[in-house]
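Chemist: Numbering (full-length UniProt numbering), first residue to last: 1 to 1103.
#1: Among all the DSSP beta bridges, which residues are the ones paired with residue 1091?
#2: In whole angstroms, give me the CA-to-CA distance for residue 179 and residue 1020.
#3: Would you mind listing the alpha helix (DSSP H) stretches within the segment 477-508 that are 4+ residues and don't spill past its ends, in chain order?
#4: Would the beta-carbon of residue 759 fall within 8 Å of that of residue 841?
#5: Would you report the Cα separation of residue 1105 and residue 824, rounded to the nearest angstrom?
#6: Starting from residue 585, follow its DSSP beta bridges and name the residues at the other end.
#7: Taking the beta strand (DSSP E) that residue 441 falls in, what are its first and last residues?
#8: Kindly indicate the opening and closing residues of the beta strand (DSSP E) around residue 590.
#9: What number of angstroms, rounded off, separates the C-alpha of residue 452 from the C-alpha of residue 442?
#10: Could you pull out every residue in the same chain whose Cβ sits closer than 6 Å to the Cβ of residue 878, ignoring the five residues on either side in sequence?
#11: Within the same chain, show all residues whose beta-carbon is closer than 8 Å to that of residue 431, passing over the 5 residues directly before and after it, in chain order.
#12: Under 6 Å Cβ to Cβ from residue 672, same chain only, skipping five residues before and after it: list those, please.
#13: Establish whether the CB of residue 722 and some CB of chain B are separated by less than 8 Å.
#14: Helix, strand or coil for residue 318? Go by DSSP, reduced to three states.
#15: Would you identify the three-state DSSP class for residue 305, choosing helix, strand or coil?
#16: If you run the structure through DSSP and keep just helix, strand and coil, what is residue 922?
#17: With distances taken from CA atoms, which of 501, 507 and 471 is nearest residue 493?
#18: Can you tell me where the beta strand (DSSP E) holding residue 154 begins and where it ends?
#19: How long is the line joining the alpha carbons of residue 368 and residue 259, rounded to whole angstroms?
#20: What is the rounded straight-line gap between the Cα of residue 527 and the Cα of residue 505?
#21: CA-CA distance, residue 571 and residue 460?
#22: For residue 1010, which of helix, strand or coil comes out of DSSP?
#23: Which residue marks the beginning of the beta strand (DSSP E) containing residue 522, and which one marks its end?
#24: Using CA coordinates, which residue listed in 994, 859, 1075 and 988 is at the minimum distance from residue 970?
#25: Please classify residue 545: does DSSP put it in a helix, a strand, or coil?
#26: CB residue 311 to CB residue 288, shorter than 8 Å?
#27: How is residue 1062 classed by DSSP in three states: helix, strand or coil?
#28: Pairs of beta-carbons, one from the segment 74-81 and one from the segment 471-485, closer than 8 Å: are there three or more?
#29: In this structure, how does DSSP classify residue 900 when only helix, strand and coil are distinguished?
#30: Can you list, in chain order, the residues of its chain with a C-beta nearer than 8 Å to that of residue 1000? Leave out the 5 residues immediately preceding and following it.
#31: Exposed or buried, what is residue 419 when buried is set at 16 or more other beta-carbons lying within 10 Å of its beta-carbon?
#32: Looking only at C-alpha atoms, which of 238, 185, 246 and 241 sits nearest to residue 216?
#33: Across the segment 801-821 and the segment 770-790, are there enough close Cβ pairs to call them in contact, namely three or more that are closer than 8 Å?
#34: Could you tell me which residues DSSP pairs with residue 571 in its beta bridges?
#35: Use the C-beta contact count for residue 466: other C-beta atoms within 10 angstroms, 16 or more gives buried, fewer gives exposed.
#36: With respect to the beta strand (DSSP E) encompassing residue 929, which residues constitute its N-terminal and C-terminal limits?
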């Protein structure tokens, strides 16, 4: 990405300097004051009384409002000022404006944050409501309402309307929350208190009476009345972003609030009775931590609204480590234990689904790290039919600078821990910020985005805050206005129509000629088999109001087959065969409406079993791997539960064993059929502290019944602990088990997988056990074993028949399969920092044949294998579950992710230092404080954090020591399909992007629709990663409908019925009453027992 932008910029310079025949024109042109007539600079002046210590939100800047204030068909621009007056510029056409602030009566002297454009009195002229902040609450902090007199003069009437709220307000949205036909108001607020730490973890305050609590004002005959508490708006927060949308599509508008610091975001769902319920945890698995601006749009053209929220994580290594340090797992656990929704310091892209909940995929798209960001705006900036993302960022003072923080701490310690505010104020005066470029992500479809800010002419470094878009010259593309701190604002002319001549459609949707009353109206375009959708919601981004008209880029389409307007009351207006390159004005009062067609009710492919219940919950131990090994990328102690099935008592019914976590017993669920009713009888395998990492039923003693072999694993016990000893339980034929003291004749190690096969062809079943890890010494290989069955006693023969297997790696899964159809099974295995390895049995010895099968190039963090003839050509293919692409860990063959393992500070323990590439150079992934928890000497070598932030891994650890270290590298994190091409080996085949939303832990195949083509069920998520990366929680299960030839169609949650959350580590097929059920086993949670709901060969409701 960086290389591409570099060459585009270079091309521009060459064309200009050489006087080329065709001058390179970036998509956007930055207009100066002489071009546009707009001169506004939101300048701040710091002093002893006004600074970032005494005023927390001093550098939050102001918003922008775009609207037509004189009804001449041209959009005008309003800027919010903090220490300077706000200004209104009237559009004269041709992107020329003039300032009428003073003559219009719009001068301000308050600290203005938000700009909300609204026709407050329904007279057909747009009014201006300004949200006011500041250091203290009082008359000087009352919000301002400028009512348009219709002649481009305005009168301040906030008190008359009851809108002179004096709490410190960031932004306000006007909307009709109670569907009574008038506009109500929601205000997001904050508190300024230098003595209060807003990052402190405390019990949630839910009485609606905090200074920073938001306000809900109901319109009662033109007067706004505070009904906050009685409406259930109760949570304390520091609101920075605000969206109004009908999140559950019930015809009643809901409220999303993006909160700063530790405070949960709020998703207030309208109860249709005059109140709201906060359901953020129901709709979202996590959010951004320091939530700032938000926007909502259909970013992937699937008809569902998606939400984008920005935070403050830098993209480049230097600024990331300069500004961040010491993210703490125990703190994160304390937050979640106190009922907070998980939060991570990065941007979040919440993909909307057909059942209204969200999947967060920001890291998958590459848009998670955009520095200290304020405004996200989602819009089709190049008219190619895909919505792009524009983001403003920059902060005048780097107040999170680690060296700055350390200086304050050291000065306080020097003063005998007596805090002196003047130390902070003095240090702030010396502290500098760094102007950074804004971002412009071009959307090429399939959730692929590329930062084109430089190539598009949008990359001038700045401290940018509020921003807005609108078609200011009515030429069919969206122009951008940016409010900057201490710098003239940006006026960007969009030249897409001039450059590309791609088509568009502008739709102006109103109710009673008012955009605000139309908030929540969704418009869908159907064209050439595609869906383009948008929702009326002018209050977007950060502190701003955008052009309320809906803009659709349509690429080269000549017409739209249908325009469907879904009004807030769920009635519909339809227009057919609409020509492009025009503005459609659709007013509810003059449009034909009809009742919306009822959507077909679809139960989903999977539903809860009606046959039987499994009364069980997996309980994970409290062990925290990071306390012993701070540099781990994830815990190794939370990979259960394991499972195995067999008919243990010969009654013809299938029974299931579910392994226990450390300290918890494994359980055998024996199926019982009595008087036609099915139930499970539970047997607990008590008295064992081990983690049951894997289980297998096998007739060890050849007596005709199934015995149970359980392997021990995990990372929580010390190396050599007796709790890593495997166990063999012998069955007496009736399902009663006793432990065998003689069947295991080998040493104990932490294991990850057990599989069976008669590999020595002597007529009994032998075993392979994959070694998961060397406890406490990540990433050293576990000990893998081939066990030969000698009359019920298992002996380790690995050293004799397969010495290369013993330390093959950190094995997580394995399978026996005849890959080459020669009648002999190969051993296929994989794991963390491993390729998919193949060992071929040659005359009783196992030889590594991985390269022969073309699998050696794909080194990943593989979790599972499913070997099956997926393309139905007569040979076996490989489905392999991997980390996925929705994480901060990125890897390519050119820029792999590596771990260097060595005792770097000679303290007797292995230090697993993870390294990544950023800007073409290899750096340590960990921040200085985290690294110092493992390698204490780093604090002495790098006294200043900035020096560490600028150092490569070689400069930190030394070339000689790195050369001595064990180095493991991964270059492929996609969950993948490998197609077997016979003698030519395997070919990598790309799975749908949805398969990469989360870590995949297990894979199963089935033909749910009986079409003769295998479908694939993926199980995933993980709550084990270190806290900076955060949980993988976007997708606990995904159903891929097979289309043949290795192609798949991902099914929505509604269609599949797989709508619950959690970490699914194991899929187990179960036969119950002659029907095959699917058991989804979850870590630290109850399982789901599902049945396939089909009628004949067809789904109920179709695909």
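Glycine residues also receive a C-beta, built at the ideal position from the N, C-alpha and C atoms. Small disclaimer: the values here were computed from a predicted structure and weren't measured.
Modeler: For this structure:
#1: On the chain shown, position 1091 is the one that residue 1091 refers to. BP columns for residue 1091 point to 607 and 1077.
#2: Residue 179 sits at position 179 when you count from the first residue of the chain shown. Residue 1020 sits at position 1020 when you count from the first residue of the chain shown. Their Cα atoms are separated by approximately 41 Å.
#3: 496-500
#4: Sequence index remark: in the chain shown, residue 759 carries index 759 (1-based). Sequence index remark: in the chain shown, residue 841 carries index 841 (1-based). Going by C-beta atoms, residue 759 is nearer than 8 Å to residue 841.
#5: Because the chain here runs from 1 to 1103, residue 1105 falls outside it and cannot be looked at.
#6: Working through the chain shown from its first residue, we reach residue 585 at position 585. Answer is 508.
#7: The residue labelled residue 441 in the question sits at position 441 within the chain shown. Residue 441 -> beta strand (DSSP E) spans 439-443.
#8: Along the chain shown, one-based indexing puts residue 590 at 590. Residue 590 -> no beta strand (DSSP E), and no H or E assigned at all.
#9: The residue given as residue 452 occupies position 452 in the chain shown. The residue given as residue 442 occupies position 442 in the chain shown. Cα to Cα, the separation comes out at about 6 Å.
#10: Counting from one through the chain shown, the residue named residue 878 turns up at place 878. Around residue 878: 867 and 978.
#11: For this step, residue 431 is matched to residue 431 along the chain shown. Counting only Cβ-Cβ distances below 8 Å, and skipping sequence neighbours, we find 397, 398, 399, 401 and 404.
#12: Start at 1 with the first residue of the chain shown, and residue 672 comes out as number 672. Here the set comprises 679 and 681.
#13: The chain inventory of the structure shown lacks chain B, comprising one protein chain alone.
#14: Here the question's residue 318 lines up with position 318 in the chain shown. If DSSP states are grouped into helix, strand and coil, residue 318 belongs with the helices.
#15: Counting from 1 along the chain shown, the entry for residue 305 is found at position 305. Residue 305 falls in the coil class under three-state DSSP.
#16: Within the chain shown, the letter at position 922 stands for residue 922. In this structure, residue 922 counts as strand in the three-state DSSP scheme.
#17: One-based indexing of the chain shown puts residue 493 at position 493. Of 501, 507 and 471, the residue nearest in Cα terms is 471.
#18: Indexing the chain shown from 1 puts residue 154 at position 154. Looking at the DSSP string, the run of the beta strand (DSSP E) that includes residue 154 is 154-156.
#19: By 1-based counting over the chain shown, the position of residue 368 is 368. By 1-based counting over the chain shown, the position of residue 259 is 259. In a straight line, the C-alpha of residue 368 is about 17 Å away from that of residue 259.
#20: Numbered from 1 along the chain shown, position 527 holds the residue referred to as residue 527. Numbered from 1 along the chain shown, position 505 holds the residue referred to as residue 505. For residue 527 and residue 505, the distance between alpha carbons rounds to 12 Å.
#21: Counting from one through the chain shown, the residue named residue 571 turns up at place 571. Counting from one through the chain shown, the residue named residue 460 turns up at place 460. Approximately 45 Å between the Cα atoms of the pair.
#22: Reading the chain shown from its first residue, position 1010 is the one you call residue 1010. Coil.
#23: Position 522 of the chain shown, counting from 1, holds the residue named residue 522. Here the beta strand (DSSP E) through residue 522 covers 522-527.
#24: The residue given as residue 970 occupies position 970 in the chain shown. Among 994, 859, 1075 and 988, the Cα nearest to that of residue 970 is on 859.
#25: Working through the chain shown from its first residue, we reach residue 545 at position 545. The answer is strand: DSSP assigns residue 545 an E or B state.
#26: For the purposes of this step, residue 311 is taken as the residue at position 311 of the chain shown. For the purposes of this step, residue 288 is taken as the residue at position 288 of the chain shown. Yes, they are a contact pair.
#27: Numbered from its first residue, the chain shown carries residue 1062 at position 1062. It is coil, neither helix nor strand.
#28: yes
#29: Translated into the one-based positions of the chain shown, residue 900 becomes position 900. Looking at residue 900 - three-state DSSP - the assignment turns out to be strand.
#30: What you label residue 1000 is simply residue 1000 of the chain shown in a count that begins at 1. These residues qualify, in order along the chain: 863, 864, 881, 882, 884, 975, 1018, 1019 and 1020.
#31: As a working mapping, residue 419 is identified with position 419 in the chain shown. When all chains shown are included, residue 419 counts as exposed.
#32: The residue labelled residue 216 in the question sits at position 216 within the chain shown. When each option's Cα is compared against that of residue 216, the closest is 185.
#33: yes
#34: Reading the chain shown from its first residue, position 571 is the one you call residue 571. Bridge partners of residue 571: 595.
#35: Stepping through the chain shown from its first residue, residue 466 is reached at position 466. Result: buried.
#36: Your numbering for residue 929 matches position 929 in the chain shown. That residue, residue 929, is in no beta strand (DSSP E); its alpha helix (DSSP H) goes 928-934.
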